[in-house]
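A.B. asks:
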Amino acid sequence: MLNTPGPYILIGLVAYFLTYLFYARWVDKKIWETDPNRPTPARLYFDGVEYFPVSKYVLFGYQFKSVAALGPIVGPLTAVLFFGWVPALLWVILGNMFIGWVQDYSAMMMSLRNEGRSMGPITYKLLGDRARKILLIYLIFYLIIITAVFEWVIIDVLNRVPGTFTAVLFVLLGGVVFGALVFRMRMDVLIATVVALGIVLVGYFLVTLVPAVRAPGTNFLDPQDFFKAHNFNPSLTYPGTNTVLFWLLVLSVLYYIAAVTPMPRFLLPTVYVGYLPSIIALVLVLIAAIFTPLTGLTIQQTPMKALYVDPLQNAQGGPLWPILFVTIACGAISGWHSLVSSGLTPKQLEYETDALPVGGGAMMTEGAVALSSIAAVMVLSQPPAGAAAYVQGATLLTTKLLQVPDVYMNILYGIFVTVMGLITSMLFVRVFRLIMAELFEESPLGNKFISPILILIIAGFLAFVGSWTNLWIFFGGTNQLLAGLALLLVAIFLASVKKPTAYVFIPGIFMAITTLAALAWETYVYGLYAAMNKPIGVQAAAAALYGNWIVSVSNYISAAFGALLLILGAITTYYLITGWIKYRRGDTKVFK
2 MLNTPGPYIL IGLVAYFLTY LFYARWVDKK IWETDPNRPT PARLYFDGVE YFPVSKYVLF
62 GYQFKSVAAL GPIVGPLTAV LFFGWVPALL WVILGNMFIG WVQDYSAMMM SLRNEGRSMG
122 PITYKLLGDR ARKILLIYLI FYLIIITAVF EWVIIDVLNR VPGTFTAVLF VLLGGVVFGA
182 LVFRMRMDVL IATVVALGIV LVGYFLVTLV PAVRAPGTNF LDPQDFFKAH NFNPSLTYPG
242 TNTVLFWLLV LSVLYYIAAV TPMPRFLLPT VYVGYLPSII ALVLVLIAAI FTPLTGLTIQ
302 QTPMKALYVD PLQNAQGGPL WPILFVTIAC GAISGWHSLV SSGLTPKQLE YETDALPVGG
362 GAMMTEGAVA LSSIAAVMVL SQPPAGAAAY VQGATLLTTK LLQVPDVYMN ILYGIFVTVM
422 GLITSMLFVR VFRLIMAELF EESPLGNKFI SPILILIIAG FLAFVGSWTN LWIFFGGTNQ
482 LLAGLALLLV AIFLASVKKP TAYVFIPGIF MAITTLAALA WETYVYGLYA AMNKPIGVQA
542 AAAALYGNWI VSVSNYISAA FGALLLILGA ITTYYLITGW IKYRRGDTKV FK
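Quick look at the structure:
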């Protein structure tokens, strides 16, 4: 039994449940003292565009799908391949128990108590304008990196699992219909959910059950067929190829629409509907993992591997600390969550007491996604690169349990991975637009129709060249540093209202130190490869097509981003720590 994933996944799920039942509820009652009768920003400032109360059940789905992206899928399985499944499993469990949900829930409560404001205005209120501007500049570069990383992973899955895009289109259609039914026609949420789920299922069965109207192995609605009709092999998913460019354009159109349209029309309902197939797929793979002692699937991966991976041998490697803690991004803790939990979701919370199930509950559910990723890669002896490993492992787990043909599960997990990345990436671009508007109020750069184009061009170039290879570690470093900064900002707010701060300050310091070290390491690696004029990993494909110059430019840009983020992160950390000390002492005049 101990040579199967089942017992270890079950331990993780039980740990999350007990943490929510005892620790999280204690923090909710004793530190924040939530009150269902205290008016929330959604009720105080209702405008039907940004501020509007939503049922906690719908909002849980929105929050989960907003925060749960490719991080808890790609991060854990990559860490297993580098360092072994034992350290990966321990960090996913312990990180979520004591840091992950703490950040999501606490950032949400801080925003609730500050009129639903985001981190920028709250930083201005507590620390002044200089600290706010430094944080906003940091967030701009952070969002460019995270968007580039997710674009490439989505493209990889779209090309490896034919038919996925068709099914995803029905998810988006279901979201638009759900939004119209609920926010325009005022239909009951449950009925609208059933209608949206029906649309999603039509897309799923269209892909899996109608082979007669499509060529073998393809889908008649899928854009990949365009390339097959023109003798272009869509399996060429390498950087620099036409398929990559095609999908980048498709994704850019979707991201742009999500960035500029009102929340109730497209983004919020689409995020919620994307949650429906995602939660079904997640529950299935977790059950299949728990029952591996019965299905006979054993662990194929090594428990503990090298403590150090030479960057010249594998550029994604490095020392166990700090690289493990940033490779596993969102499954244990994620800074992106602080942006969703401060400034987005708080504007829709109907009651203060909804913050714990929505904020804390969604994060622990994301921890379950990370556990499923570890289980999926544990049963594979030779997993493919990236998110495709999750699709393959999850398909193996579930087909072994359910005894169904591979095609059903393959498409389901292709949808799962794509939707996890696609919908959250829409939010990246929207948040980028909001930050640019805040930082460049009087400039065209802050225009809601212009600023999304900037991130799409820069992130698209990095994804096209293949810089995502090491940008994943960069993303983890910047992402987790943002988490540390968010925790420290919450500590300052709590200190300002004379509340205990240790439960957020200690993990905030740990994450800040760890991630600054990771950013320094990755900046060194990018600089090393740029100086050697050498491609990193999959960049070799783009180098073969266009020459080494294109990857060198990309690596120099990435190294410059890393150096800038390291400096900005260190300065912001200094401001936050000194701010916390001053508020604890009662000396706050310096910030006014």
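Just so we're aligned, residue 2 is where the sequence shown starts under my numbering, counting upward by one. By construction, the Cβ of each residue, glycine as well, lies at the ideal position given by its N, Cα and C atoms.
Can you give the beta carbon distance from residue 516 to residue 560, rounded, assuming they're within the 8 Å contact cut?
C.D. replies: That belief does not hold up - the Cβ atoms of residue 516 and residue 560 are roughly 17 Å apart, past 8 Å.
A.B. asks: Out of 171, 243, 106, point me to the one whose CA is closest to residue 156's CA.
C.D. replies: 243
A.B. asks: Which term fits residue 566, buried or exposed, when burial requires 16 or more other beta carbons within 10 angstroms of its beta carbon?
C.D. replies: buried
A.B. asks: Secondary structure at residue 557, three-state DSSP: helix, strand or coil?
C.D. replies: helix
A.B. asks: Got a sec: is the Cβ-Cβ distance from residue 345 to anything in chain C below 8 Å?
C.D. replies: No chain C is present in this structure, which holds just one protein chain.
A.B. asks: Quick one: grab the DSSP three-state call for residue 55.
C.D. replies: strand
A.B. asks: Just confirm the distance between the C-beta atoms of residue 89 and residue 77, as a whole number of angstroms; I'd bet it's less than 8 Å.
C.D. replies: 5 Å between Cβ atoms; contact.
A.B. asks: Does the beta-carbon of residue 601 have 16 or more other beta-carbons within 10 angstroms, so that it is buried, or is it exposed?
C.D. replies: Beyond the ends of the chain as shown, which are 2 and 593, falls residue 601; an answer cannot be given.
A.B. asks: Whose CA, out of 177, 437, 331, lies closest to the CA of residue 483?
C.D. replies: 331
A.B. asks: Under 8 Å between the Cβ atoms of residue 111 and residue 123?
C.D. replies: yes
A.B. asks: Spatial neighbours of residue 445 within its chain, please: CB distance less than 8 Å, with the 5 preceding and 5 following residues excluded, ordered by chain position.
C.D. replies: 451
A.B. asks: Less than 8 Å between the beta carbons of residue 456 and residue 169, yes or no?
C.D. replies: No Cβ-Cβ contact shorter than 8 Å links residue 456 with residue 169.
A.B. asks: Around the C-beta of residue 431, are 16 or more other C-beta atoms found within 10 angstroms, so that it is buried, or is it exposed?
C.D. replies: buried
A.B. asks: Beta carbon of residue 479, beta carbon of residue 492: below 8 Å?
C.D. replies: no
A.B. asks: Counting only runs of 4+ residues fully inside the segment 294 to 372, write out the alpha helix (DSSP H) ranges in chain order.
C.D. replies: Runs found: 321 to 328, 337 to 342.
A.B. asks: So does the segment 43 to 63 actually touch the segment 334 to 351, counting three or more Cβ pairs closer than 8 Å?
C.D. replies: yes
A.B. asks: Leaving out five residues on either side along the sequence, give the residues of the same chain with a beta carbon under 7 Å from the beta carbon of residue 182.
C.D. replies: 188, 193, 196
A.B. asks: Taking only three categories from DSSP, how would you classify residue 130?
C.D. replies: helix
A.B. asks: Which first and last residues belong to the alpha helix (DSSP H) in which residue 383 is found?
C.D. replies: Note, residue 383: premise wrong, no alpha helix (DSSP H); not H, not E.
A.B. asks: How far does the alpha helix (DSSP H) with residue 399 in it extend, from its first residue to its last?
C.D. replies: 389 to 403
A.B. asks: Can you give me the Cβ contacts of residue 557 inside the same chain, cut-off strictly under 7 Å, excluding the 5 residues immediately before and after it?
C.D. replies: 531
A.B. asks: Grab me the residues of residue 579's own chain with a C-beta within less than 8 Å of its C-beta, minus the 5 sequence neighbours each way, in chain order.
C.D. replies: Apart from sequence neighbours up to five positions away, no residue of its chain approaches residue 579 with a beta-carbon distance below 8 Å.
A.B. asks: Out of 159, 167, 198, point me to the one whose CA is closest to residue 178's CA.
C.D. replies: 198
A.B. asks: Could you give the first and the last residue of the continuous alpha helix (DSSP H) run that contains residue 504?
C.D. replies: 503 to 532
A.B. asks: Which first and last residues belong to the alpha helix (DSSP H) in which residue 176 is found?
C.D. replies: For residue 176, the enclosing alpha helix (DSSP H) covers residues 165 to 180.
A.B. asks: If you run the structure through DSSP and keep just helix, strand and coil, what is residue 498?
C.D. replies: coil
A.B. asks: Using a Cβ distance threshold of 8 Å, determine whether the segment 84 to 103 contacts the segment 8 to 18, with at least three qualifying pairs required.
C.D. replies: yes
A.B. asks: Applying the 10 Å Cβ sphere with the 16-neighbour rule, what's the burial state of residue 522?
C.D. replies: buried
A.B. asks: Does the segment 391 to 398 touch the segment 279 to 296, meaning 3 or more C-beta pairs lie closer than 8 Å?
C.D. replies: Short answer: they touch.
A.B. asks: Is the segment 268 to 279 in contact with the segment 417 to 428, if contact means three or more CB pairs nearer than 8 Å?
C.D. replies: These segments touch.
A.B. asks: If I measure Cβ to Cβ from residue 87 and keep anything under 6 Å in the same chain, skipping five residues before and after, which residues do I get?
C.D. replies: The beta carbon of residue 87 is closer than 6 Å to those of 304, 305 in its chain, skipping five residues each way along the sequence.
A.B. asks: Relative to the C-alpha of residue 399, which candidate in 191, 504, 282 has its C-alpha closest?
C.D. replies: 282
A.B. asks: So, under 8 Å CB-CB, residue 191 and residue 63 are touching, yes? Tell me the CB distance rounded to an integer number of Å.
C.D. replies: That pair is no contact at about 16 Å.
A.B. asks: Evaluate residue 107 with the Cβ neighbour count: other Cβ atoms within 10 Å of its Cβ, from every protein chain shown; 16 or more gives buried, anything less gives exposed.
C.D. replies: buried
A.B. asks: So, helix, strand or coil for residue 29, using DSSP?
C.D. replies: The three-state secondary structure of residue 29, taken from DSSP, is helix.
A.B. asks: Since residue 44 is in the alpha helix (DSSP H), which residue starts that stretch and which ends it?
C.D. replies: 42 to 45
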